[in-house]
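1 is the number of the first residue of the sequence shown in UniProt numbering; add one for each residue after it. Think of the CB as a built atom: it goes at the ideal place given N, C-alpha and C, for glycine as much as any other residue. Reading through the structure tokens given below for one structure.
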Amino acid sequence: MLRLQHLKRAVPFEELRRYLLEQTSLRDLAANYSQRTFQRDLPKIAERFGVVIEHDRRQGGYVIATADLLPEGYQRLLDAFELQEFLRLPSALSPFVQWEARRPVGTEWLQPLLRAVQQRRQVQFDYHKFWDQAPTKRTVSPLLLKEFKGRWYLLAHEPARQGLRCFGLDRMRAVEPIAQAFDLPEGFEADTYYAHSFGIIRPDHEAPSEIVLALEPTQGQYLKSFPLHSSQRVLVDTDAELLIQLTVYNTHDLLMELLSLGDQVQVLAPVSLRKHIKQIHATAMKASPV
């Protein structure tokens, strides 16, 4: 699909197949990929991505006939869809591929939810919170799909509760789009809503904090290559330490991330967060056996 978008011309099937052989690590499978199989896959591509691919006999190749507009950042969604297919790899490839026993749950809802977000149509689903005994039926106006730590979430406006809610796709069941259209909440901007959030929590009545962290040099290299947040800025970078600054909400998600770094990180600011982490470590020491 991306190949067709890039070339902007009719592409013969053999050229597409050669591209698969060059780009995929599953060369044996790609080599056996026939034009008939490709034809069978076209309806799935149209349903999954909103892209209709047709064969143009006059031009002698495949072209994109129509395509829905995908939201910014759609490449991560494509990655998630590809992961679904990757997890179905034949057992013959197991000597070459290892994955965690913990596999993402709920990714089957990405397709209908993405379509509902694009079309601004409400959806219904059963939602089972981890701390509730039974699921509840929810009807929401889907606004945004967000990924965090391998899990996918739906940010939506829930008319019954008159507010924005975040739902984990792994806790959804029986997702069904409905015909009811909706308008975006006043002032809502999808591209800025989570701009200062680490994770999925966004306090409604709180300003972002300037978080300053001191890291050991080795751990600092990890965070330089894979920043904690898009706002991350290096203040000091020496052989002795790395100081970075984040402009984010001081939330539980951020706290859990900092605690996971153990003694490789020190919180220099704000003082309230530094004291909170110190208290957590002190409580853990008291609870630990002698």
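Problem - Segment contact flag, the region 175–186 with the region 218–232, C-beta cutoff 8 Å, min 3 pairs - result: no
Problem - C-beta atoms of Phe182 and Gln122 nearer than 8 Å - result: yes
Exercise for the section: Give the range of the beta strand (DSSP E) segment to which Glu147 is assigned. Expected result: Thr136 to Phe148
Exercise for the section: Label Phe86 either buried or exposed according to how many other C-beta atoms from any shown protein chain fall within 10 Å of its C-beta, with 16 as the threshold for buried. Expected result: With a pLDDT of only 48 at Phe86, under the threshold of 50, the placement of this residue in the model should not be trusted; the figure read from the coordinates follows. Exposed: under 16 other Cβ atoms inside 10 Å.
Practice task
With DSSP as the reference, please indicate the residues paired to Arg233 in a beta bridge.
Solution key: Gln245
Handout entry: Identity of the residue in Val234, Ala65 and Val248 nearest residue 318 by Cα
Key = Because the chain here runs from 1 to 290, residue 318 falls outside it and cannot be looked at.
Practice task
Check the DSSP bridge columns for Leu155 and list the partner residues they point to.
Solution key: Leu144 and Cys166
Practice task
May I ask you to list the residues that DSSP assigns as paired with Gln124?
Solution key: Thr139 and Glu176
Handout entry: Secondary structure of Gly60, DSSP reduced to three states
Key = coil
Handout entry: Integer Cβ distance of Ser141 from Ala160, believed to fall under 8 Å
Key = The pair is not a contact, with the Cβ atoms about 11 Å apart (cut-off 8 Å).
Handout entry: Cβ of Glu108 within 8 Å of any chain C Cβ
Key = No chain C appears in the structure shown, which is made up of a single protein chain.
Handout entry: For Ile211: DSSP bridge partner residues
Key = Leu246
Exercise for the section: Kindly indicate which three-state DSSP category Thr238 falls into: helix, strand or coil? Expected result: coil
Exercise for the section: Quick one: using the 10 Å Cβ neighbour count with 16 as the cut-off for buried, is Val267 buried or exposed? Expected result: buried
Problem - Gly199 versus Leu143 - alpha carbon distance - result: 17 Å
Practice task
State the start and end residues of the unbroken beta strand (DSSP E) segment that holds Gln264.
Solution key: Segment: none, Gln264 is in no beta strand (DSSP E) and carries neither H nor E.
Practice task
Identify which residue in Val117, Gly168 and Thr37 has its Cα closest to the Cα of Lys129.
Solution key: Gly168
Exercise for the section: Output the distance between the C-alpha atoms of Pro12 and Arg40, rounded to the nearest integer angstrom. Expected result: 16 Å
Problem - Residue nearest to Tyr193 in terms of C-alpha spacing, selected from Arg165, Pro217 and Leu215 - result: Arg165
Problem - Same chain, Cβ closer than 8 Å to Ile277, neighbours up to 5 away in sequence not counted - result: Leu255, Leu258, Leu259 and Val267
Problem - Backbone CA spacing between Arg58 and Ile45 [nearest angstrom] - result: 23 Å
Handout entry: Nearest candidate by alpha-carbon position, reference Met172, set Pro270, Leu246 and Tyr127
Key = Tyr127
Handout entry: Rounded Cβ spacing between Ala10 and Tyr62 (contact assumed at less than 8 Å)
Key = 7 Å
Handout entry: Cα-Cα separation, Pro270 to Tyr249
Key = 11 Å
Exercise for the section: Report the rounded CA-to-CA distance for His281 versus Ile211, giving the unit in angstroms. Expected result: 19 Å
Exercise for the section: Please name the residue, chosen from Leu223, Leu261 and Gln245, that lies closest to Pro208 on a Cα-to-Cα basis. Expected result: Gln245
Exercise for the section: To the nearest angstrom, report how far apart Gln119 and His205 are at their CA atoms. Expected result: 30 Å
Problem - Closest residue to Val105 among Thr66, Phe148, Glu158 and Gln124 (Cα-Cα distance) - result: Phe148
Problem - Run of the alpha helix (DSSP H) containing Arg115, from where it starts to where it stops - result: Leu110 to Gln119
Problem - Counted within 10 angstroms of its Cβ, other Cβ atoms place Lys146 as buried (16 or more) or exposed - result: buried
Exercise for the section: Along the alpha helix (DSSP H) that carries Tyr194, what are the first and last residues, could you check? Expected result: That residue, Tyr194, is in no alpha helix (DSSP H); it is neither H nor E in DSSP.
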